[in-house]
Structure formats: structure tokens, C-alpha cells
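Okay, structure first, notes after.
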Amino acid sequence: MSEYLVIVESPAKAKTIERYLGKKYKVKASMGHVRDLPKSQMGVDIENNYEPKYITIRGKGPVLKELKTAAKKAKKIYLAADPDREGEAIAWHLAHSLDLDTSSDCRVVFNEITKDAIKESFKHPRPINMDLVDAQQARRILDRLVGYNISPLLWKKVKKGLSAGRVQSVALRLIIDREKEINQFTPEEYWTIEAQFLKGTESFSASFYGKNGKKTALKSEEEVKEILSAIKGNRFEIASVTKKERRRNPALPFTTSSLQQEAARKLNFRAKKTMMLAQQLYEGIDLGKEGTVGLITYMRTDSTRVSEIAQKEAREFIESVHGKEYTKEIEAKAKKEKKAANAQDAHEAIRPTSVLKEPSMLKEFLSRDQLRLYKLIWERFLASQMSAAIIDTVSADLVNGEITFRATGSKVKFQGFMKVYIEGSDDGQEEKEKQLPSLEKGDNVQTETIDPKQHFTQPPPRYTEARLVKTLEELGIGRPSTFAPTLDTIQKRGYVALDNKRFIPTELGEIVHELMVEFFSDIIDVEFTAKMEKDLDNVEDGQVEWVEVIDEFYQGFEKHLVKAEEEMEKVEIKDEPAGEDCENCGSPMVFKMGRYGKFMACSNFPDCRNTKAIVKEIGVKCPKCNEGNIIERKSKKRRIFYGCDRFPECDFLSWDKPIERKCPKCEQMLVEKKLKKGVQIQCTGCDYKEETQV
Numbered sequence: 011m012s013e014y015l016v017i018v019e020s021p022a023k024a025k026t027i028e029r030y031l032g033k034k035y036k037v038k039a040s041m042g043h044v045r046d047l048p049k050s051q052m053g054v055d056i057e058n059n060y061e062p063k064y065i066t067i068r069g070k071g072p073v074l075k076e077l078k079t080a081a082k083k084a085k086k087i088y089l090a091a092d093p094d095r096e097g098e099a100i101a102w103h104l105a106h107s108l109d110l111d112t113s114s115d116c117r118v119v120f121n122e123i124t125k126d127a128i129k130e131s132f133k134h135p136r137p138i139n140m141d142l143v144d145a146q147q148a149r150r151i152l153d154r155l156v157g158y159n160i161s162p163l164l165w166k167k168v169k170k171g172l173s174a175g176r177v178q179s180v181a182l183r184l185i186i187d188r189e190k191e192i193n194q195f196t197p198e199e200y201w202t203i204e205a206q207f208l209k210g211t212e213s214f215s216a217s218f219y220g221k222n223g224k225k226t227a228l229k230s231e232e233e234v235k236e237i238l239s240a241i242k243g244n245r246f247e248i249a250s251v252t253k254k255e256r257r258r259n260p261a262l263p264f265t266t267s268s269l270q271q272e273a274a275r276k277l278n279f280r281a282k283k284t285m286m287l288a289q290q291l292y293e294g295i296d297l298g299k300e301g302t303v304g305l306i307t308y309m310r311t312d313s314t315r316v317s318e319i320a321q322k323e324a325r326e327f328i329e330s331v332h333g334k335e336y337t338k339e340i341e342a343k344a345k346k347e348k349k350a351a352n353a354q355d356a357h358e359a360i361r362p363t364s365v366l367k368e369p370s371m372l373k374e375f376l377s378r379d380q381l382r383l384y385k386l387i388w389e390r391f392l393a394s395q396m397s398a399a400i401i402d403t404v405s406a407d408l409v410n411g412e413i414t415f416r417a418t419g420s421k422v423k424f425q426g427f428m429k430v431y432i433e434g435s436d437d438g439q440e441e442k443e444k445q446l447p448s449l450e451k452g453d454n455v456q457t458e459t460i461d462p463k464q465h466f467t468q469p470p471p472r473y474t475e476a477r478l479v480k481t482l483e484e485l486g487i488g489r490p491s492t493f494a495p496t497l498d499t500i501q502k503r504g505y506v507a508l509d510n511k512r513f514i515p516t517e518l519g520e521i522v523h524e525l526m527v528e529f530f531s532d533i534i535d536v537e538f539t540a541k542m543e544k545d546l547d548n549v550e551d552g553q554v555e556w557v558e559v560i561d562e563f564y565q566g567f568e569k570h571l572v573k574a575e576e577e578m579e580k581v582e583i584k585d586e587p588a589g590e591d592c593e594n595c596g597s598p599m600v601f602k603m604g605r606y607g608k609f610m611a612c613s614n615f616p617d618c619r620n621t622k623a624i625v626k627e628i629g630v631k632c633p634k635c636n637e638g639n640i641i642e643r644k645s646k647k648r649r650i651f652y653g654c655d656r657f658p659e660c661d662f663l664s665w666d667k668p669i670e671r672k673c674p675k676c677e678q679m680l681v682e683k684k685l686k687k688g689v690q691i692q693c694t695g696c697d698y699k700e701e702t703q704v
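Residue numbers (the working numbering): 11 to 704.
Here is the structure:
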């Protein structure tokens, strides 16, 4: 008989931990929460200090029965759910269900599922932290009060299946506000002048800087002509050369938010997918003879702290592989690192449990996506423990009369962390070396070409998942664990759609948002929501009672609720006619908005469930059969491609958008090729290319 019973959330985690603890321990999984508020009712007694009414979750009866049976046979019970608010609440609910004393040393926490971490944690069991439990409970009750009061209103006044929540309503507001900015944006004209210069036989580029030594902006073609007419001849003198040494520090190891952002940028992962894969890596992967091993530390964290043991292991690994010069600054840098103002710092950053488990060693044990995410985490952590990169920069001013051009260049002198990893950026642009020839003050150079270009300012970009996660975090809205489910919810409800990986609000989203603005302005107010988040953090820190926080919110919320019940008018969302009839029953087809955007459906629903994708012609004849028209289509993974509308008779397809013109060199098809920044027209049959359009 096992002397000790350990309860965790998942079977994968149970399997890994049981192997480390030995025969005296039996490890079982609760499969997440065993108790929760009922789905069929509010479950919160507002008149009785917001007392929650917890019930056993449907389907969890057999699990709970099995845990109770095992608990009766055990000498001691340990609750080892995840080391966060949610995990603490799961442990508390389990303690209640199994009649355990919450003040006894029954709670065990660990940041990584490795043999040493597990064994060490069982040497230091503690009571359940009721401040953490209350913080989770307060969030759950607050979300229930908002959701179960506003959602039925939206069902009644708009349509069934809608919802509203603290974080999702603010996320929707950000997307809609950005769309308004884009629609109201007025482009402004500006010009640049790029020139190619020759120093001996070496060519280099420089940009117009200014007039009479002062930086000058060019806003019209007339101003450009004035500058060009002021240039006398083709000789420029080097007026000054400035050389500097710049240090570039590595990015900190991952938090939940930065992991979601970087996985979106570099791996094209949605936030939900990133968290699912990270959970698998944390809970443990079967490594053959080594058994099941947790490969990363806990993935829900907003801390960038790294344990001294992990730092030491990383330092030794870096020295052995790359040399001592790549580690000399680590200790000094670690002392200077500061955590974010709102970081809870409850855990470490997300890092590999052992830097010695190199990604290349795990290829046969991990799926392709697991390996890609692990490699990202491993490289980011290793780079964070390496020396800064040293970059030599040079800037030269080239003068012709009163006109100045400026040339800049850079060269990596010492790679440092860049040997392993370089952080991605939202616009996809990474810093590139640009070398200049040897330039000295007083040298003369000649112009080869001078190329003025007209530009127009661009509106702010729509939010990608990565950009929205970053914005929510910066504003203090929600917590790391809420971002992925929030983004998933606003898409499932049909409030937003993804277009080229960017969020656009739907008509339904705008209607719901307008109602929220009119009747529940506090819920979508960024500052109000951020303050509420801080108040909930104060509960976690034991500074305030959770009932006080909830009551302060509800007193104002209830007044808005009463007003909305009385004054909110019913909104009728009329289906837009599609202009064609259903081929199944003859009824008119209408446009509907789904999770992935607009589609056509029969107006005779539910009697007829016919649906069709919207065919979008691009005005180009098929180059293969010369009969069909090219239409925009979507793959199973929602990626846009182009094909002939005579498919399957004609199997032409292209990932790049064909255009109507033919190549002037070879008469083959021209396509719009999307680059990291801009679009370039290229030929499919030869090397013809046109200037990139930003």
C-alpha cells in the first residue's frame, strides 16, 4: 500500500512525478478543477457577502470518488496543483472535497518537473495560501457577475450566444478603436532622396539629410526640385565622420506574454497553440530510456527571474561551447535586471529545465511544433545569459554647397548573444549590417545616381495577436493566463475576424461594443479595468479583503445594469442579400458572419442548411487554360491562395496574387509577391522585378 497520495491536475504530470517519488507515493490526477460555480445559474449570493455556491463539476463524480477512495488508504495527502492562483484554488477545492485541513502542510509547489525540483519541494510542504485562493475566487466571482448579468441582456436585445467580460470587452474596444483610427486617417505626402556614391571603385548609398546643416523634411515635389537644383556638379565632400561603438543587450528570458508574442512572430503560432504546446513541454515528454521528463519551467509567469542554479549551468555550457568571452558580463548584468512594475514574480521565467538538453538531442522525441517551440525557449534563455553584442557604427555627412546627405553603416565587432538568437520584431524587420568604404573627413566622392521618391504616411497597423497581447500587457489588462482564451473568445463569438493575420471588427462586434459604451462604460474603460486588476492583485498580496473589492465594483455596476434593463433597445441585425438563390431549395442566399469572416448561407435556415464560400474574383484570366477566371480561395489553415474557377478541370494555383499585366521581358505571368515589408511585382518565368511597394 502507498503511504502517500499526491494529487496533480493532469495524467501526464502524474506519470512524470510518480516516477521521481518512488514506490511509497501514489500520484493521481484530478483532471483540473473538481468544483466550480454552476453553469445554469449565477451561483453567487449577492445579498450574503457574494458567497459563492460551488458544486461538483458534471462528469467529475467518478474522479472524485476515486480520489476519496485513495485518500482513505493514504497516510498523508499532498496537493501538488500548478504553482499559481488557479492551482492554489484547485488545491483548496480538493481539500474541501477530501475533508483535509487547509492549514496543515498539505500543499506542495514546484516550478519545474525535474527529479531534483520535485524531491526538494516535498521537503518543504506548506498550508494552502488563502490569499491566492481568495484572489482567484474574486476574479471568478467578478467575471461571473459581469458575464451572467450582461450576456442575457445581449441575448435578449441582440442575439443568442453573445457574451461580455472584463478583459474581452477591452480587447474588442482596442480593435475597434484601431479600426476607427485607420478609417479616419488622412495620408500625408513626404519625399526622400536616395543617392548612390562612388569612393574610388567602391559604391555606397546615402540619404538626403538637410539644408545648411539642419535636418530638413521634404513634403512636396517642388521642395525636392529645389534641393536637386541646389546640387552643383557631382562632387560631394566628406564634412564629418563619426565612429561609435554600440552595445546591444540580449532580450530577457520569456514570460508568458513575450513567449506568445515571439512564437507568433517567428513560428506563426496562435496564442492558444503556443500555450497548449508549452503545457505539454512542462508536464513531460517521454525521452525513451530517460523516461518522461519535464523540459521547461512553468509557462504561466510574468517574471524574468532565473535561479542561480540555472544561471550557473548556462554559464558553464556557454563557456564550454562558445568560450569565456561570451559569459564575462552575465553576473554584472543579472544584478542590474529589474522586474516589471506589475510582475508578480511568483515563479521564474520560462526556461529549459536543463540547458544541457539541446534541441538537436530531442528531435526524435518531440513533434515538429513541440521542437520548434522548445528550440525558441532554449535559444532565448541561452542568449539571455550571454554577453552583449558589440557593433561598430559609422556616420558620414556628405556636403555639396548647402546640401547634406548622410551615409550610415554598421558592422558587428563581437557577436555575443547574437551568435545564438536575435529577437523578432512586429514589422518583421531585423537589423542588418550595412558597410561603408573607408571614409575620412575632406575626402571627395562622386554621385552615381540620385533617386527622389514620393511616399505617403501610413495609418497605424491593425492588431496581430502578438501586438494585441503586448498592448494588453502594457496597459495592465488581464494576466498572462487570460490572453489566449480572451483572443479565442472574441473570435468564437464573431466579434472579430482575422484578415491576413490581423484583427478586424465585424458588424456584430461593433454593435455589441456600442451597447457596452452606452450602458457599461466602466467595463470597457482601460484605466478602470487596469485599476481593477491592481485591486485583485492586492487581494493576492493580503492587503485587502476580496469581498471589499467585489462590493466596490458591484455597487456602481448594479446601477448601470438597472438602467440597461430599462433603456436598452432591441437591435435587429438584418442579413445582407447575397444576390443569388440557393441551389438546394431556391430561397435567397444571404451573407452571414462566422468565425473566419463572411460566408453565404440559405435564408431558409434551419430547414435548409446550405452554405457557400464567397467567391472573390480578382479580374485576371487563368494563364493556364485561358478560359477560367482566377479567384481568391482559402486553404484548410485559412491561408489565402489563388486558383482557376474551372477547378477541377483546370488545376492552376498560386500562393502569390496574379495581376493582369504580362511580363515585359518574357510575356509570362506577373504576381504580387508579399515580402516582410511591402509587396513586389515579380515574373514567374524570368528574373524581372519591379520596385517594392511599402
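Beta carbons: idealized from backbone N, C-alpha and C, even for Gly.
- Verify whether the separation of the beta carbon atoms of Ala90 and Val143 is less than 8 Å. One-based indexing of the sequence shown puts residue 90 at position 80. One-based indexing of the sequence shown puts residue 143 at position 133. Taking 8 Å as the Cβ cut-off, Ala90 and Val143 do not qualify as a contacting pair.
- Three-state secondary structure assigned by DSSP to Gln692: For the purposes of this step, residue 692 is taken as residue 682 along the sequence shown, with counting starting at 1. DSSP places Gln692 in strand when its eight states are reduced to three.
- Taking all protein chains shown into account, decide if Leu108 is buried (16 or more other Cβ within 10 angstroms of its Cβ) or exposed. Stepping through the sequence shown from its first residue, residue 108 is reached at position 98. Leu108 comes out buried.
- Message: Here's the rule I'm using: 16 or more other beta-carbon atoms within 10 Å means buried, otherwise exposed. How should Arg176 be labelled?
- Response: Taking the sequence shown and counting its residues from 1, one reaches residue 176 at position 166. Classification for Arg176: buried.
- Query: With contact counted as at least three CB pairs below 8 Å, one residue from each stretch, are the stretch 328-339 and the stretch 392-402 in contact?
  - Reply: yes
- Simplified DSSP assignment, three categories, for Ile488: Numbered from its first residue, the sequence shown carries residue 488 at position 478. The question names Ile, but residue 488 is Gly in the sequence shown. Coil, per DSSP.
- Item | Completely contained beta strand (DSSP E) runs for the stretch 208-252, where each covers 3 or more residues | 212-221
- Query: What are the boundary residues of the alpha helix (DSSP H) that Ile17 is part of?
  - Reply: Taking the first residue of the sequence shown as 1, we reach residue 17 at position 7. Per DSSP, Ile17 belongs to no alpha helix (DSSP H); it is in the beta strand (DSSP E), 14-18.
- By Cβ distance, which residues of its chain are closer than 6 Å to Lys283, with the 5 residues on each side in sequence left out? On the sequence shown, residue 283 is found 273 positions in, with the first residue counted as 1. For Lys283, there are no CB contacts under 6 Å within the same chain when 5 residues up- and downstream are skipped.
- Locate the alpha helix (DSSP H) running through Ser131, then write down its first and last residues. Translated into positions along the sequence shown, residue 131 becomes position 121. Its alpha helix (DSSP H) spans residues 125-131.
- Task: With Asp10 as the anchor, note down where its alpha helix (DSSP H) starts and where it stops.
- Result: Because residue 10 is not part of the residues shown, which for the chain are 11 to 704, the question remains open.
- Item | Check whether Thr496 and Ala181 have beta carbons under 8 Å apart | In the sequence shown, residue 496 corresponds to position 486, counting from 1. In the sequence shown, residue 181 corresponds to position 171, counting from 1. Their beta carbons are under 8 Å apart, which means Thr496 touches Ala181 by this criterion.
- Task: State yes or no: is the C-beta of Ser217 within less than 8 Å of the C-beta of Phe427?
- Result: Here residue 217 refers to the residue found at position 207 when the sequence shown is read from its first residue. Here residue 427 refers to the residue found at position 417 when the sequence shown is read from its first residue. The answer is no: Cβ separation not under 8 Å.
- Euclidean distance between Cα positions of Leu164 and Lys170: Position 154 of the sequence shown, counted from the start, is the residue given in the question as residue 164. Position 160 of the sequence shown, counted from the start, is the residue given in the question as residue 170. Approximately 7 Å between the Cα atoms of the pair.
- Output yes or no for whether 8 Å exceeds the beta carbon distance between Lys10 and His570. In the structure as shown, the chain begins at 11 and stops at 704. Residue 10 is therefore absent and cannot be evaluated.
- Any 3 or more C-beta pairs closer than 8 Å across the stretch 284-295 and the stretch 508-518: no
- Item | Pair within 8 Å by beta-carbon distance, Thr474 and Ala240 | Taking the sequence shown and counting its residues from 1, one reaches residue 474 at position 464. Taking the sequence shown and counting its residues from 1, one reaches residue 240 at position 230. Against a cut-off of 8 Å, the Cβ pair of Ala240 and Thr474 comes out as no contact.
- Using the rule of at least 16 other Cβ atoms within 10 Å of the residue's Cβ for burial, across every protein chain shown, is Cys693 buried or exposed? For the purposes of this step, residue 693 is identified with residue 683 of the sequence shown, where counting begins at 1. The residue in question, Cys693, is buried, as its Cβ has 16 or more Cβ neighbours within 10 Å.
- How would you call Thr314, buried or exposed, if buried means at least 16 neighbouring beta carbons within 10 angstroms? By 1-based counting over the sequence shown, the position of residue 314 is 304. Counting Cβ neighbours within 10 Å, Thr314 comes out buried, since at least 16 surround it.
- Message: Tell me which residue opens and which closes the beta strand (DSSP E) that Lys75 is part of.
- Response: By 1-based counting over the sequence shown, the position of residue 75 is 65. Membership of Lys75 in any beta strand (DSSP E) is not indicated; the residue belongs instead to the alpha helix (DSSP H) covering 71-83.
- Item | Residue range of the beta strand (DSSP E) that includes Glu374 | By one-based count along the sequence shown, residue 374 stands at place 364. No beta strand (DSSP E) holds Glu374; DSSP gives it neither H nor E.
- Task: Give me the Cα-Cα distance between Val18 and Gly629, rounded to the nearest whole angstrom.
- Result: Position 8 of the sequence shown, counted from the start, is the residue given in the question as residue 18. Position 619 of the sequence shown, counted from the start, is the residue given in the question as residue 629. Taking the straight line joining both Cα atoms gives about 59 Å.
- Message: Taking a contact to mean a Cβ-Cβ separation below 8 Å, would you say Lys25 touches Ala80 in this structure?
- Response: As a working mapping, residue 25 is identified with position 15 in the sequence shown. As a working mapping, residue 80 is identified with position 70 in the sequence shown. It is not a contact, given that the beta carbons lie outside the stated cut-off.
- Could you give the DSSP three-state label for Tyr336: helix, strand or coil? Here residue 336 is taken as the residue at index 326 of the sequence shown, counted from 1. The answer is helix: DSSP assigns Tyr336 an H, G or I state.
- Message: At the level of alpha carbons, what is the spacing between Ser317 and Arg310?
- Response: As a working note, residue 317 is residue 307 in the sequence shown. As a working note, residue 310 is residue 300 in the sequence shown. Looking at the two C-alpha atoms, the distance is approximately 17 Å.
- Sub-8 Å separation of Phe375 and Leu297 beta-carbons: Working through the sequence shown from its first residue, we reach residue 375 at position 365. Working through the sequence shown from its first residue, we reach residue 297 at position 287. Yes, these two residues count as a Cβ contact at 8 Å.
- Item | When Met679, Asn636, Glu562, Ile583 are compared against Gly519, the one with the closest alpha-carbon | Taking the sequence shown and counting its residues from 1, the one referred to as residue 519 is at position 509. When only C-alpha atoms are compared, the closest one is Ile583.
- With distances taken Cα to Cα, identify the nearest neighbour of Asp453 among Ile248, Val625, Lys133, Ser161. Working through the sequence shown from its first residue, we reach residue 453 at position 443. Of the candidates Ile248, Val625, Lys133, Ser161, the one whose C-alpha sits nearest the C-alpha of Asp453 is Ile248.
- How many Å lie between Lys235 and Thr252 at the Cα? Locating residue 235 in the sequence shown gives position 225, where the first residue counts as 1. Locating residue 252 in the sequence shown gives position 242, where the first residue counts as 1. So the two alpha carbons sit approximately 29 Å from each other.
- Query: For Glu433, which of Ser420, Pro260, Lys373 has the nearest alpha-carbon?
  - Reply: Start at 1 with the first residue of the sequence shown, and residue 433 comes out as number 423. Of Ser420, Pro260, Lys373, the residue nearest in Cα terms is Pro260.
- From Gln690 to Glu98, what distance separates their C-alpha atoms? Position 680 of the sequence shown, counting from 1, holds the residue named residue 690. Position 88 of the sequence shown, counting from 1, holds the residue named residue 98. Taking the straight line joining both Cα atoms gives about 53 Å.
- Task: Counting only runs of 4+ residues fully inside the stretch 555-615, write out the alpha helix (DSSP H) ranges in chain order.
- Result: 556-577
- Query: Since Cys654 sits in a beta bridge, which residues does DSSP pair it with?
  - Reply: Numbered from 1 along the sequence shown, position 644 holds the residue referred to as residue 654. Answer is Ile640, bridged to Cys654.
- Item | Stretch pair the stretch 554-570 + the stretch 147-164: three plus CB contacts closer than 8 Å | yes
- Query: Do the CB positions of Phe279 and Thr457 come within less than 8 Å of each other?
  - Reply: Residue numbering aside, residue 279 sits at position 269 when the sequence shown is read from its first letter. Residue numbering aside, residue 457 sits at position 447 when the sequence shown is read from its first letter. Going by C-beta atoms, Phe279 is not nearer than 8 Å to Thr457.
- Message: Let's see if you can read the secondary structure: which residues bound the alpha helix (DSSP H) around Ala22?
- Response: Translated into the one-based positions of the sequence shown, residue 22 becomes position 12. Segment 21-31, the alpha helix (DSSP H) holding Ala22.
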